[in-house]
Amino acid sequence: MVAGGVIAGAVVLGVAQRASGPAAFLLERTGWDVSSAPLGQTAAAPLWWTILNAVLNTLLASMVTIVVTTLAGFLTGLGRVSANPVVAALCRLYTDLFRNVPSLLQVVFWYQVLSHLPVERRAWSGFGAVFLSNRGLYLPAPAWASGVQLLYPALAAGGMGGLAWWASRGRPYAVRCGAVFGSGLAGAAAVGAAVGIGVDLPVLKGFSFQGGFRLPTEFLALVIGLSVFYTAYIAEVVRGGLLSVERGLLEAGRSLGLREMQVHRLVRLPLALRTIVLPLGSQYLNIVKTTSLGAAIGFAELFGVTSNGINMSGHTFELLAVMVGLYFSINIVLASGVRVINARAALVGLHRPASATDP
Amino acid sequence: MSATARPVPAQPGTKLVSALFGSPLNSVLTIGSVAMLLLTGVAILRWAVLDSSLLVGGPEPCATVAGACWSVIAARYRLILFGLYPYEEQWRSVAGCCVVLALSVATCVPALWTVRRLVALWAVGFGSFVVLMQGGVAGLSFVPTDRWGGLALTLFVYVTTIVVGTPAAVALAWLRRSERPALRWLAGGVIDGVRSVPLVAVVFAAAILAPFLLPGWLNGDKVYRVILGFALFFAAYEATILDAGMQAVGPGQREAGLALGLPRWRIFWFIVMPQAFRLTLPASVIQVVGTFKDTSVLAIVGLFELMASANVAYQTGQWSEHYKEVYVFVGLIYFGFSYALSLYGAFLERRSRVGLH
Chain B
1 MVAGGVIAGA VVLGVAQRAS GPAAFLLERT GWDVSSAPLG QTAAAPLWWT ILNAVLNTLL
61 ASMVTIVVTT LAGFLTGLGR VSANPVVAAL CRLYTDLFRN VPSLLQVVFW YQVLSHLPVE
121 RRAWSGFGAV FLSNRGLYLP APAWASGVQL LYPALAAGGM GGLAWWASRG RPYAVRCGAV
181 FGSGLAGAAA VGAAVGIGVD LPVLKGFSFQ GGFRLPTEFL ALVIGLSVFY TAYIAEVVRG
241 GLLSVERGLL EAGRSLGLRE MQVHRLVRLP LALRTIVLPL GSQYLNIVKT TSLGAAIGFA
301 ELFGVTSNGI NMSGHTFELL AVMVGLYFSI NIVLASGVRV INARAALVGL HRPASATDP
Chain D
1 MSATARPVPA QPGTKLVSAL FGSPLNSVLT IGSVAMLLLT GVAILRWAVL DSSLLVGGPE
61 PCATVAGACW SVIAARYRLI LFGLYPYEEQ WRSVAGCCVV LALSVATCVP ALWTVRRLVA
121 LWAVGFGSFV VLMQGGVAGL SFVPTDRWGG LALTLFVYVT TIVVGTPAAV ALAWLRRSER
181 PALRWLAGGV IDGVRSVPLV AVVFAAAILA PFLLPGWLNG DKVYRVILGF ALFFAAYEAT
241 ILDAGMQAVG PGQREAGLAL GLPRWRIFWF IVMPQAFRLT LPASVIQVVG TFKDTSVLAI
301 VGLFELMASA NVAYQTGQWS EHYKEVYVFV GLIYFGFSYA LSLYGAFLER RSRVGLH
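Respectively, the protein sequence lines represent chains B and D.
This note's numbering applies: residue 1 is where the first sequence begins, and numbers increase by one.
This note's numbering applies: residue 1 is where the second sequence begins, and numbers increase by one.
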């Protein structure tokens, strides 16, 4: 399926190119710049490089939003079905409020809030290493002198991860994944420090910060706005899944002497996951598509960059085909991933997808 | 008979207390939630009312208040609600909005749910809306569609999208289950393609491609091209919902229709579609509510609807710091419509369950 998605995207791109002669338009210099590009960008870069950066921006914003909303959405969804009336009311207030306000309004609101933060000279600082200003969030970044220095932490991460995997055998899958991730990170950090990979702290020089890693305001506003909005939706999905577990099973758990938290963790949640995974997947797809709202605040994601390209270069059909092809490919890859996860969690034989892009 | 011990009736309130403070975690959560609610509530109350310009009179309240300055709404509400509509004719915009609201409320009344009554209602309502807004007849001056804006334009785009999109959705669902594979693949391709692309992209593509694809006389103003794209997007999602509903209607229904000698289109229209519609009512209502919120996205393609006029309202003049008040005002408008629609959807759901087992 993944290969199919990539091939589909490539075919659309190929057809688009053949329909208008050689793909030279993609190699043209753009002549315009974008606000933020993960791989570095100048006005002299070719169009395909700009589009690649835009796709990376889209994926980056989507992934961060997906992670945040999944965690927060599960917590809020659990809160909504809680027996504690105060917690249930609070979660209900949250979901009812933020589901009914448009996502664009929330994104633009957060962009204004973040743009009205103090300038860099008076930025808010945390622990002397993290700075928040109206230009974005500055974080410390690893700094290496040569590429060889990266080899040792990578080896350490792999080694520690493998060790953790072996040491945690017999434990639940989630615990093993957590152990591998944590120990890999710790090993890489320790060896990196030993080898001499330093930390590049953002330092105020003159009017702005030098060094470090900057998360631009547009990115932050988009992620915060979308996270707040989609947490409410995912909370509803989780709530639906939790309510679908039959009461008899919960009562059976309680009659076995399990405490309330154990009933939730061992009985309700695993069974609820069957009903949750597919709608959760379609919410993930919606998140990826809604990152296109970044165009309204100047974030260089796929839609904004392609529409700008259409306006500047005039290659309407080709660039439209490129945009549709890229969104389609991302969509198919993500939907396939969701279907794989669903196959592990679902009851066999209960679901037949209605269409190719329906997870 | 042996005497069985009667259960001791619980003291009133013990269940509530045990739910709130039964375990340490519960107590922490209760106290934490109450604290959060109180802090947020007090902060919002202070910003919106106590420290705001509502309690401060005088000509220049915004200079002195620490909280919200609602004068920006008083100064800009015409721009937000009516856009660039001519000042003297704004009563027509108000009348148009009232017509659309009355139309929506009337559509919600179950007594009017026959095809003839609904079509007549919408023809009259929609027609009077266009006459009021555009004018040119009955002594009303002509106002072109590029002067329409704000809430009136949002309502117009929303209502037209639903009106155009629902028949298109039914048509797409019909084609999706056609006997000819070519039609099935075409409909499937359109639905899947439109659904995998963001709404802005569909509307943008429609706005750009419409001049190429449509004959000259259909090339209306930008509003109609945008509505076309938006209706296509709505139709694709609604067609998927209807398709799922049609799949849920058992094959026995279709076979009974065939046994009675009904042609395929009658089976579709009189047997399958009403049941599919009722089965998928919750999902359809969610889609319709979502479409109202999605009209905000049209600001990106340059349509001067509620979201765009809100942006313009505070970005000009001396109001550039007062974005919060404008967004809260517009957010309340969206919230009001959206919440009312979802409450109505819940009512529909409860009502339709009465007819089923």
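Every residue, glycine too, gets a C-beta built ideally from N, C-alpha and C.
Simplified DSSP assignment, three categories, for D:G345: Indexing the second sequence from 1 puts residue 345 of chain D at position 345. Of the three classes helix, strand and coil, the one that applies to D:G345 here is helix, per DSSP.
Environment of B:L271 [buried if 16+ CB atoms lie within 10 Å]: As a first step, residue 271 of chain B is located in the first sequence; it is residue number 271 there, counting from the start. By the 10 Å Cβ count, B:L271 comes out buried.
Min CB distance D:G41 to chain B below 7 Å: Taking the first residue of the second sequence as 1, we reach residue 41 of chain D at position 41. No - not a single Cβ of chain B is within 7 Å of the one on D:G41.
Residue-chain proximity (B:Y327, chain D), Cβ-Cβ < 7 Å: By one-based count along the first sequence, residue 327 of chain B stands at place 327. Yes, because at least one Cβ of chain D sits closer than 7 Å to the Cβ of B:Y327.
7 Å Cβ cutoff met for B:S393 and B:L117: Residue coverage of chain B in this structure runs from 1 to 359, which leaves residue 393 of chain B outside it and unanswerable.
Chain D contact residues for B:Q112, given Cβ-Cβ distances below 7 Å: For the purposes of this step, residue 112 of chain B is taken as the residue at position 112 of the first sequence. Near B:Q112 (Cβ distances below 7 Å), the residues of chain D are Y323.
CA-to-CA distance, D:A308 to D:G302, given in whole angstroms: Position 302 of the second sequence, counted from the first residue, corresponds to residue 302 of chain D. Position 308 of the second sequence, counted from the first residue, corresponds to residue 308 of chain D. The alpha-carbon atoms of D:G302 and D:A308 are separated by roughly 8 Å.
Cβ separation of D:V99 and D:G139, assumed to be a contact under 8 Å, to the nearest whole Å: The residue you call residue 99 of chain D lines up with position 99 of the second sequence. The residue you call residue 139 of chain D lines up with position 139 of the second sequence. The Cβ separation is near 18 Å, so there is no contact.
Buried versus exposed call for B:K289 [16 or more other C-beta atoms within 10 Å across all chains shown]: Sequence index remark: in the first sequence, residue 289 of chain B carries index 289 (1-based). So B:K289 ends up on the buried side.
Distance, D:L151 Cα to D:L343 Cα: Residue 343 of chain D sits at position 343 when you count from the first residue of the second sequence. Residue 151 of chain D sits at position 151 when you count from the first residue of the second sequence. Straight-line Cα distance between these residues: approximately 21 Å.
D:R350 to B:R135 span [Cα, whole Å]: In the second sequence, residue 350 of chain D corresponds to position 350, counting from 1. In the first sequence, residue 135 of chain B corresponds to position 135, counting from 1. Near 50 Å, if we compare the C-alpha coordinates of B:R135 and D:R350.
is_contact[B:P153, chain D] using C-beta, thresh 7 Å: The sequence position of residue 153 of chain B within the first sequence is 153, counting from 1. So no, B:P153 is outside the interface.
For D:F277: DSSP bridge partner residues: Locating residue 277 of chain D in the second sequence gives position 277, counting from the first residue. According to DSSP, which records beta bridges pairwise, D:F277 is partnered with nothing at all.
Given 8 Å, three or more beta-carbon pairs between the region 287-299 of chain D and the region 223-238 of chain D: yes
The beta strand (DSSP E) enclosing B:A143, as first and last residue numbers: Numbered from its first residue, the first sequence carries residue 143 of chain B at position 143. A141 to A143 is the extent of the beta strand (DSSP E) around B:A143.
Nearest neighbour of B:F181, chosen from B:G196, B:L163 and B:V191 [CA to CA]: Position 181 of the first sequence, counted from the first residue, corresponds to residue 181 of chain B. Checking every option, the nearest Cα to that of B:F181 belongs to B:L163.
N-terminal and C-terminal residue of the beta strand (DSSP E) that B:D200 is part of: Looking up residue 200 of chain B in the first sequence gives position 200. Element bounds for B:D200: G198 to D200.
Residue burial classification, D:N311 (beta-carbon count within 10 angstroms, cutoff 16): Here residue 311 of chain D refers to the residue found at position 311 of the second sequence. The residue in question, D:N311, is buried, as its Cβ has 16 or more Cβ neighbours within 10 Å.
Under 7 Å between C-beta atoms of B:C91 and B:T69: The residue labelled residue 91 of chain B in the question sits at position 91 within the first sequence. The residue labelled residue 69 of chain B in the question sits at position 69 within the first sequence. Against a cut-off of 7 Å, the Cβ pair of B:T69 and B:C91 comes out as no contact.
Alpha carbon of D:L16 to alpha carbon of B:A72, nearest angstrom: By one-based count along the second sequence, residue 16 of chain D stands at place 16. By one-based count along the first sequence, residue 72 of chain B stands at place 72. For D:L16 and B:A72, the distance between alpha carbons rounds to 26 Å.
Distance CB(B:F127)-CB(B:Y138) smaller than 7 Å: If you number the first sequence from 1, residue 127 of chain B lands on position 127. If you number the first sequence from 1, residue 138 of chain B lands on position 138. Cβ atoms of B:F127 and B:Y138: not closer than 7 Å.
Residues that D:T30 contacts on chain B, provided the C-beta gap is smaller than 8 Å: Mapped onto the second sequence, residue 30 of chain D falls at position 30. Simply N84, V86 and V87.
DSSP-derived helix/strand/coil call for D:V197: Taking the first residue of the second sequence as position 1, residue 197 of chain D is located at position 197. D:V197 falls in the coil class under three-state DSSP.
Sequence ranges, alpha helix (DSSP H) only - wholly within the region 134-210 of chain D, length at least 4: 150-176 and 181-195
Collapsed DSSP secondary structure at B:R169 in the structure displayed: Reading the first sequence from its first residue, position 169 is the one you call residue 169 of chain B. B:R169 falls in the coil class under three-state DSSP.
Complete runs of the alpha helix (DSSP H) confined to the region 99-154 of chain B [at least 4 residues]: 103-115
Neighbour-count burial assignment, B:S100, 16 or more Cβ in a 10 Å radius: Looking up residue 100 of chain B in the first sequence gives position 100. Looking at the sequence itself, residue 100 of chain B is Asn, so the reference to Ser does not match. Buried, because 16 or more other Cβ atoms sit within 10 Å of the Cβ of B:N100.
For D:R92 and D:M133, believed in contact at Cβ under 8 Å, the rounded distance: As a working mapping, residue 133 of chain D is identified with position 133 in the second sequence. As a working mapping, residue 92 of chain D is identified with position 92 in the second sequence. So it is a contact: roughly 6 Å between Cβ atoms.
Which of helix, strand or coil DSSP assigns to B:S36: Numbered from 1 along the first sequence, position 36 holds the residue referred to as residue 36 of chain B. Coil, per DSSP.
Cβ-based burial, B:A44 [other Cβ within 10 Å; buried from 16]: Start at 1 with the first residue of the first sequence, and residue 44 of chain B comes out as number 44. Its Cβ having fewer than 16 others within 10 Å, B:A44 is exposed.
CA-to-CA distance, B:L326 to D:L338, given in whole angstroms: Your numbering for residue 338 of chain D matches position 338 in the second sequence. Your numbering for residue 326 of chain B matches position 326 in the first sequence. The amino acid at residue 338 of chain D is misidentified as Leu; the sequence shows Ser. Approximately 32 Å between the Cα atoms of the pair.
Per-residue DSSP class, three states only, for B:E301: Looking up residue 301 of chain B in the first sequence gives position 301. DSSP places B:E301 in coil when its eight states are reduced to three.
Sub-7 Å separation of D:S52 and D:V65 beta-carbons: Residue 52 of chain D sits at position 52 when you count from the first residue of the second sequence. Residue 65 of chain D sits at position 65 when you count from the first residue of the second sequence. Yes. Within cutoff.
Distance CB(B:G211)-CB(B:V203) smaller than 7 Å: For the purposes of this step, residue 211 of chain B is taken as residue 211 along the first sequence, with counting starting at 1. For the purposes of this step, residue 203 of chain B is taken as residue 203 along the first sequence, with counting starting at 1. Yes.
Any 3 or more C-beta pairs closer than 8 Å across the region 162-171 of chain D and the region 201-208 of chain D: no
Alpha helix (DSSP H) runs wholly inside the region 68-134 of chain D, at least 4 long, in chain order: 71-82, 90-107 and 115-134
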